[in-house]
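Participant:
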Amino acid sequence: MLSNKSIVLGVCGGIAAYKSCELTSRLKKLNANIDVIMTKSAAEFVTPLTFQSLSLNQVVTDMFDKPKYWEIEHISLAKKADIIVIAPATANVIGKLANGIADDMLTTTVMASKAIKLIAPAMNTNMYENELVQKNIETLKQLGYQFIEPGEGRLACGDIGKGKMAEPELIEEKIKDLLLKQRDLEGKTVIVTAGPTREALDPVRFITNHSTGKMGFAIAEKAAARGAKVYLVSGPSNLPTPCGVERADVESALDMYDAVMALMEKADIIIKSAAVADYRPAEISSEKIKKSDGELVIKLQKNPDILQELGKVKGSRVLIGFAMETQNLIENAKAKVAKKNLDFIVANDLRTEGAGFAGDTNVVKIIDRSGNVEEIPLMRKSDLADIVLDKAISVCK
Ligand code: PMT
């Protein structure tokens with residue numbers, strides 16, 4: 001429930017404004033107080049009366065409306081808000097905020113507020129990918145604004161691509177995360193590894209695996225939302241950097257080893273969800289390997305086991321591994337806990353439906369040093385991330 005929480009919902013001019021009606025209704029059902037500010041163009045898509053009826057509050061559209069309260073309205077809304085959510089957010093409003101322009105009720109309120117800010121962009125794909133829009137989004141992220149990524153699909157303009165406003169359900173979840181989650185990792189430093197590694201054969205080819213980074217990025221995002229200083233060491237991944245997370249991009253297992261070891265002194269908690277290659281080609285050809293008539297035999301050489309090396313110098317840090325197996329999940333994962341000196345391991349079996357690489361869900365067993373096995377059912381990687389962090393905190397204590 002969001003009783004006693006005050007949400008200011010900024011609605012900009014885009015067809016996705018209709019989805020914000022559902023968002024308002026969902027938040028109202030959680031007992032939040034909602035004040036809606038609509039830009040002039042938003043009111044062309046949905047009438048203020050719709051939001052007024054759903055929020056049971058007056059809707060503000062104009063700086064110079066007769067004030068409902070005896071305070072200056074944009075200041076009073078700015079002060080009372082626990083969170084300001086802009087959904088949908090247009091390129092125009094994102095651009096204004098990133099460049100300090102406050103020329104209407106919404107932008108003045110945002111700029112006068114110290115509340116948490118959450119932005120849900122919605123626009124045409126080309127516009128979303130435009131360098132200036134991306135630069136403005138990056139600027140706002142650096143300033144601590146939270147973003148919820150648009151989805152991909154068929155857009156109202158007929159184009160297919162990224163730009164659909166995130167679904168109201170996801171925005172609601174993010175708002176709950178931001179307002180309700182304790183900042184229980186405040187003061188802690190967390191290192192998360194994510195994604196695959198790439199082991200080069202020649203300038204053209206490499207050996208890799210199917211990891212997308214989704215699991216690790218979810219952990220990094222949740223840890224930052226819970227107040228930690230987060231370093232994310234990621235193999236090649238197209239995922240955007242979560243808000244408030246410092247990211248180091250690496251390619252190979254050796255690169256990941258160097259990056260993690262350079263950071264490890266700072267860490268209270270290290271979570272290794274990356275799928276690191278155990279072997280790399282013994283030699284990297286400087287030229288493209290040419291096709292010949294016979295077979296090609298590639299000699300592989302062992303990579304350092306980063307997690308095992310961390311286990312040797314662990315000290316009081318909490319050290320968490322992941323295990324990806326296709327057979328004997330528990331037995332193999334237990335062996336890794338002992339061999340790598342881990343506090344616990346999160347084990348997933350590639351053969352279980354909804355588990356492992358690439359999807360948005362996982363199914364895992366968490367196994368601790370004493371051999372206790374906790375079964376975690378199918379759930380979203382973002383929810384699993386919270387469970388892993390809860391467990392890490394319980395080990396810290
Ligand atoms: O990225 P996604 O698409 O969301 O997929 C998520 C995932 C399947 C990659 C993730 O849930 C997962 O299982 N990650 C670990 C994969 C893996 O490498 O498992 P492993 O059993 O081979 O390794 C055990 C542990 O040792 C891991 O924490 C791994 O990071 C670490 N390791 C392994 C080899 C190596 N040379 N160095 C390491 O640090």
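Mind the numbering: the sequence shown is residues 1 to 397 in this note's numbering, read in order. Virtual Cβ for every residue (Gly too), placed ideally from N, Cα, C.
#1: If we require 4 or more residues per run, which alpha helix (DSSP H) segments fall completely within the region 82-129?
#2: Is any heavy atom in ligand 1 found nearer than 7 Å to the beta carbon of Gly-311?
#3: In chain order, which beta strand (DSSP E) runs of at least 3 residues are fully inside the region 262-312?
#4: When DSSP labels each residue in this structure, what does Tyr-145 get in the three-state scheme?
#5: Please report how far the alpha carbon of Lys-314 lies from the alpha carbon of Lys-340, in whole angstroms.
#6: Roughly how many whole angstroms lie between the Cα atoms of Met-379 and Asp-249?
#7: Would you identify the three-state DSSP class for Ala-338, choosing helix, strand or coil?
#8: Helix, strand or coil for Glu-199 per DSSP?
#9: In chain order, what residues of the same chain have a beta carbon less than 7 Å from the beta carbon of Pro-168, not counting five sequence neighbours either side?
#10: Do you know offhand how far Cys-396's Cα is from Met-105's?
#11: Identify, in the order they occur along the chain, each residue of the same chain with its Cβ nearer than 8 Å to the Cβ of Trp-70, setting aside the five sequence neighbours on each side.
#12: Taking 7 Å as the line, does the beta carbon of Asp-305 fall inside it for any heavy atom of ligand 1?
#13: Can you determine whether any heavy atom of ligand 1 sits closer than 7 Å to the C-beta of Asn-341, and answer yes or no?
#14: Can you tell me whether Lys-5 is helix, strand or coil according to DSSP?
#15: Touch check for the region 169-188 and the region 228-243: three-plus C-beta pairs under 8 Å?
#16: Asp-305 to Asp-278, Cα distance in whole Å?
#17: Which residues in the same chain have their Cβ closer than 6 Å to the Cβ of Glu-374, if we skip the five residues on either side of it in sequence?
#18: Nearer than 7 Å: is that true of the beta carbon of Asn-238 relative to any heavy atom of ligand 1?
#19: Nearest-angstrom Cα distance between Asp-37 and Cys-12?
#20: Where does Asp-258 sit, in a helix, a strand or coil, going by DSSP?
#21: Pull up the DSSP beta-bridge partners for Arg-154, would you.
#22: Looking at Phe-322 and ligand 1, is the gap between the Cβ and the nearest heavy atom below 7 Å?
#23: Between Gly-100 and Gly-311, what straight-line distance do the alpha-carbon atoms span, to the nearest angstrom?
#24: Rounded to whole angstroms, how far is the Cβ of Ile-191 from the Cβ of Ala-267, which I believe are closer than 8 Å?
#25: With DSSP run on the structure shown, which of helix, strand or coil describes Asp-360?
#26: Can you find a heavy atom of ligand 1 that lies under 7 Å from the Cβ of Thr-352?
#27: Could you give the distance in angstroms between the alpha-carbon of Asp-349 and the alpha-carbon of Ala-358?
#28: I believe Val-318 touches Asp-343 by the beta-carbon criterion, under 8 Å. Please report the beta-carbon distance rounded to the nearest angstrom.
#29: Residues in the same chain with beta-carbon distance under 8 Å from Val-388, minus the five sequence neighbours each way, listed in chain order, please.
#30: Who pairs with Asn-33 in a beta bridge, going by DSSP?
#31: Buried or exposed: where does Glu-131 fall if 16 or more other Cβ atoms within 10 Å of its Cβ makes it buried?
#32: What is the DSSP secondary structure of Ala-16, reduced to helix, strand or coil?
#33: Cα separation between Leu-263 and Lys-381?
#34: Could you give the distance in angstroms between the alpha-carbon of Asp-177 and the alpha-carbon of Ala-112?
#35: Go ahead and pull the three-state DSSP assignment for Met-379.
Facilitator: This is what the structure gives:
#1: 91-98, 105-111 and 125-129
#2: no
#3: 269-272, 279-281 and 300-302
#4: coil
#5: 10 Å
#6: 28 Å
#7: helix
#8: strand
#9: Lys-19, Glu-22, Leu-23 and Arg-26
#10: 45 Å
#11: Unreliable positioning characterises Trp-70 in this predicted model, as indicated by a pLDDT of 47, which lies under 50. The coordinate reading is nonetheless provided below. Nothing meets the Cβ criterion.
#12: yes
#13: no
#14: coil
#15: yes
#16: 7 Å
#17: Ile-366
#18: no
#19: Note on identity: in this sequence residue 37 is Ile, with Asp being the wrong assignment. Rounded to the nearest angstrom, the two C-alpha atoms are 9 Å apart.
#20: helix
#21: Ile-160
#22: yes
#23: 47 Å
#24: 5 Å
#25: coil
#26: no
#27: 13 Å
#28: 5 Å
#29: Ile-219, Ile-271, Ile-320, Val-346 and Ile-366
#30: Ser-6
#31: exposed
#32: coil
#33: 25 Å
#34: 23 Å
#35: strand
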